[in-house]
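Going letter by letter, the sequence shown gives residues 36 to 222 in my numbering. For reference, the structure is listed below as structure tokens.
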Amino acid sequence: DPERSRLLEERHPDFAREQLRDAAEAIAATAGPDFVDIARLLLAAHALAVGASHIVLAHHADDAAETVLMRLCAGSGLTGLAGLQPLSGHGELTLARPFLGVPKARLVATCRALGQGFVTDPSNADDRFLRPRLRRLAATLAAEGLDRRRLLRLAARSARADAALVQRAAHLDAFIDGLEDRTSTRL
36 DPERSRLLEE RHPDFAREQL RDAAEAIAAT AGPDFVDIAR LLLAAHALAV GASHIVLAHH
96 ADDAAETVLM RLCAGSGLTG LAGLQPLSGH GELTLARPFL GVPKARLVAT CRALGQGFVT
156 DPSNADDRFL RPRLRRLAAT LAAEGLDRRR LLRLAARSAR ADAALVQRAA HLDAFIDGLE
216 DRTSTRL
């Protein structure tokens with residue numbers, strides 16, 4: 036549950052380290068762990084080990100749209116449909132995604148033009164994962180009106196609605212705390 040994780044992270048600064056330890060134990064106990072989970076675990080472990088505060092990722096607009104589609108398939112709520120965010124806190128680490136507005140083709144072309152090497156995640160071509168299977172449907176979905184632009188618009192609207200609900204809940208919490216304070220002083 037992403038909301039529960041966010042609340043735990045806010046209240047417990049060591050949450051990322053605890054989560055990392057728990058994940059490592061789970062991987063050790065599981066035969067044939069998922070490559071992507073191991074890669075993320077190792078990246079986070081390395082970042083924490085060197086004292087980094089941020090991990091910069093090269094997620095692009097196509098990734099962002101695919102993530103929304105994946106979460107739509109999973110029946111996610113507003114938080115999930117908000118998709119990838121430019122900055123997201125995870126305990127002591129912040130994930131930064133500066134290229135979310137850049138289509139993959141443009142990002143790859145820019146890297147090649149500058150002679151800048153880049154890494155291609157092998158899971159992006161592995162049909163055991165949902166993302167590459169959905170990617171094959173992209174042209175068909177776009178022909179029906181569900182293209183990258185519309186998926187990203189859905190993500191932006193979901194993020195705004197989710198932020199408004201979180202803000203409203205914070206105001207309500209503050210109001211309730213004020214009522215409790217007044218009630219306790221009267222007793």
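We treat Cβ as the ideally placed atom computed from N, Cα and C, and that holds for glycine.
By the neighbour-count criterion, in which 16 or more other beta carbons inside 10 Å mark a residue as buried, Thr-114 falls on the buried side. Counting the other Cβ atoms within 10 Å of the Cβ of Ala-79 gives 16 or more, which makes it buried. Setting aside the 5 residues that flank it on each side, Arg-166 is surrounded in the same chain by Glu-101, Met-105, Asn-159, each with a C-beta closer than 7 Å to its C-beta; the list follows chain order. Residue range 128–131 is occupied by the beta strand (DSSP E) that includes Leu-128. The Cβ atoms of Arg-168 and Asp-162 sit closer than 8 Å to each other. Under the DSSP assignment, Gly-136 falls outside any alpha helix (DSSP H); it carries neither an H nor an E label.
Here the alpha carbon of Phe-134 sits roughly 48 Å from the alpha carbon of Arg-217. Shown here for Leu-122: same chain residues with a beta carbon closer than 8 Å to its own, the five before and five after excluded, namely Thr-129, Leu-130, Ala-131, Arg-132 in chain order. Ala-96 and Leu-214 have their C-alpha atoms spaced approximately 45 Å apart. By the criterion of a C-beta distance shorter than 6 Å, His-89 is surrounded in its chain by Thr-129, Ala-131, once the five residues flanking it on both sides are discounted.
By the 16-neighbour rule on beta-carbons within 10 angstroms, Gly-126 is buried. Secondary structure at Leu-181: coil, using DSSP grouped into helix, strand and coil. For Pro-138 and Ser-219, the gap between their C-alpha atoms comes out near 56 Å.
One alpha carbon belongs to Gly-180, the other to Ala-190, and they sit about 16 Å apart. Leu-113: member of the alpha helix (DSSP H) spanning 113–116, first to last residue.
Classified as buried, Ala-82 has 16 or more neighbouring CB atoms from the shown chains inside 10 Å of its CB. By the neighbour-count definition (other C-beta atoms within 10 Å, threshold 16), Leu-186 is a buried residue. Per DSSP, the unbroken beta strand (DSSP E) holding Val-91 starts and ends at 89–91.
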